[in-house]
Amino acid sequence: MNDERIPPIPFWIKKQVHKPCWSLRYIIKSLFRDDLEVLIKKINKCKYVVLTDSGSTALTLGLKYLKNKRSSDKVMMPSYCCKSVANAIISAGLRPHFNDVNLKFQPQLGRTKVLATVVPHFHEMKSPIKQFRGVVIEDKAQRMQDPLRGKFGILSFNIGKQVQSTGGGALVTDDKRLADFVSEHLGVQGFWQTTTQLINYLLMVNLRPLTFFVYNILNKTGIVHREEDITKRYEAVNKKEVTFQPKKINFIQKKLTQSQLYNSNPIFTQKTRPILVKCRYLLMQELAKKGIESEWVNYPLHLQKKYQKYTSEDLTNTEKIWKQTIITRKE
Ligand SMILES: Cc1ncc(COP(=O)(O)O)c(C=O)c1O
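Numbering-wise (the working numbering), the sequence shown opens with residue 928 and increments by one.
Written out as structure tokens, the structure is:
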């Protein structure tokens, strides 16, 4: 069986991989208080928080600040990672350099001299912060509940994260100059961008079972067909240029994020589970029959055309585990 195929879509989803954790009570509560920054500060035990429209914006601006004190233009990051991180590095005018992860998805120390190392906590699991090369940046997009370690950390409230809004993010740090630099470089988000984000969010999360239902019918009639070849699929995505406009978080994002943080217990218990399996495609098919959604993530960046020009460490584990990993919801 060819493992390089995109997952089947469950006919009807009983268990979604990603689900927001909103309650009307907390949303209303959040409308009358304005303390998202205070909540984030408390969780991260840090002095400064700058709210942004995304984790990517926070990382881009944090890196731009570091770039002023430049020693190298390379930033180390795992190849087993979403491309937003590499795109943020490129947007900051720097170059990604890929390192490996171990079999617990924890980034490994590299050998090359770099300006900074981005250390993500993949699949809500804690990565140790060791003596990584250059300035250590903690990527808290997938796990945010621990105190900040590293020069600065980035948070994301996008789809698939612990706290989900219609997007949004933050930079956390103890360095006042860095926080001021990031605040000063943020622009205001346009009305259409906010509307598009909202529609996108509804389709991607809340109305997802419905869109899958329509998609399955269209698929059967042959009007649309699913691309089975991962490389081709990613080549098409890779053609897009990297352009980031660092923006502020908008009102809706802020309130939805805040409301979930009030309700923090269910958020900070691990909700998704990575499973390592030899033939993931078969397992995904079986899960889909039961209405359980699963997905694979992090097609290694060094295998994608757009990032092939960048340098890497030895990536043996990455090449091995990415093909064997799927994500499902835990409870
Ligand atoms: C590990 C990691 N870092 C950073 C990001 C970027 O966050 P955002 O989507 O808010 O730009 C993501 C999101 O996909 C991520 O998974």
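Backbone N, C-alpha and C define an ideal beta-carbon position, used for all residues, glycine too. All values reported here derive from a predicted model rather than from experimental measurement.
Cβ-Cβ distance between residue i and residue j below 8 Å
i     : j     : result
L986  : V944  : no
L1203 : T1252 : yes
I955  : N1143 : no
Q1089 : F1195 : yes
N1225 : C948  : no
A1043 : L990  : yes
F912  : S1191 : There is no way to answer for residue 912, as the model of the chain reaches only from 928 to 1258.
S1018 : V1169 : yes
L1075 : C973  : yes
L1125 : T1093 : yes
Among the options, the one whose alpha carbon lies nearest that of residue i
i     : options                       : result
D1027 : K1232, P1227 and I1150        : P1227
M1003 : T1255, R1256, Y1237 and W1249 : Y1237
Q1116 : I1179, F1059 and D1156        : I1179
Y1234 : N1165, S1186 and Q1072        : N1165
K1175 : S998, E1111, I1017 and V1045  : E1111
Q1187 : Q1091, I1126, E1222 and F1118 : Q1091
N995  : G1087, L1125 and L1105        : L1105
W1223 : L1214, K1198, K1250 and K1057 : K1250
F886  : Q1058, G1020 and P1055        : Any property of residue 886 remains undetermined from this structure, which presents the chain solely from 928 to 1258.
D1107 : S957, D961, L978 and E1258    : L978
Residue i CB to nearest heavy atom of ligand 1 below 7 Å
i     : result
A1068 : yes
S983  : yes
C973  : no
S1092 : no
N1085 : yes
G989  : no
P1201 : no
P1047 : yes
G1096 : yes
S1054 : no
V1012 : yes
C948  : no
C1206 : no
Span separating the alpha-carbon of residue i from that of residue j
i     : j     : result
R1200 : M1211 : 14 Å
K1067 : L1145 : 38 Å
Y953  : L966  : 14 Å
D1241 : F1079 : 27 Å
E1246 : L1230 : 9 Å
K1139 : N1133 : The sequence shown places Phe at residue 1139, not Lys. Distance between the alpha carbons of F1139 and N1133 is about 12 Å.
Y975  : D1101 : 6 Å
V1099 : N1085 : 17 Å
P1173 : D980  : 8 Å
L1082 : A1097 : 5 Å
K1159 : K1167 : 14 Å
C1206 : E1220 : 16 Å
R1022 : T1243 : 21 Å
L993  : M1071 : 22 Å
Y1128 : T1122 : 10 Å
I1157 : P1005 : 20 Å
L1330 : G1114 : Beyond the ends of the chain as shown, which are 928 and 1258, falls residue 1330; an answer cannot be given.
L1183 : G1095 : 10 Å
K1217 : K946  : 18 Å
T969  : R1060 : According to the sequence shown, residue 969 is Lys rather than Thr. Cα to Cα, the separation comes out at about 28 Å.
F938  : T1148 : 15 Å
K1181 : T1039 : 39 Å
P1034 : Y1007 : 9 Å
L1030 : I1150 : 41 Å
D1073 : N971  : 6 Å
V1046 : G1087 : 18 Å
K1103 : K1001 : 24 Å
Per-residue burial, residue i [other beta carbons within 10 Å of its own, 16 or more giving buried]
i     : result
H1152 : exposed
L1036 : exposed
M928  : With a pLDDT of 44 at M928, under the threshold of 50, the predicted position of this residue should be treated as unreliable, and no value is reported.
V1109 : buried
Q1069 : buried
V1141 : exposed
L1209 : exposed
E1065 : buried
W1119 : exposed
A1163 : exposed
I1248 : buried
Q1197 : exposed
I1016 : buried
E1051 : buried
Distance cut-off 7 Å: residue i Cβ against heavy atoms of ligand 3
i     : result
Y1142 : This structure does not include ligand 3; its bound ligands are ligand 1.
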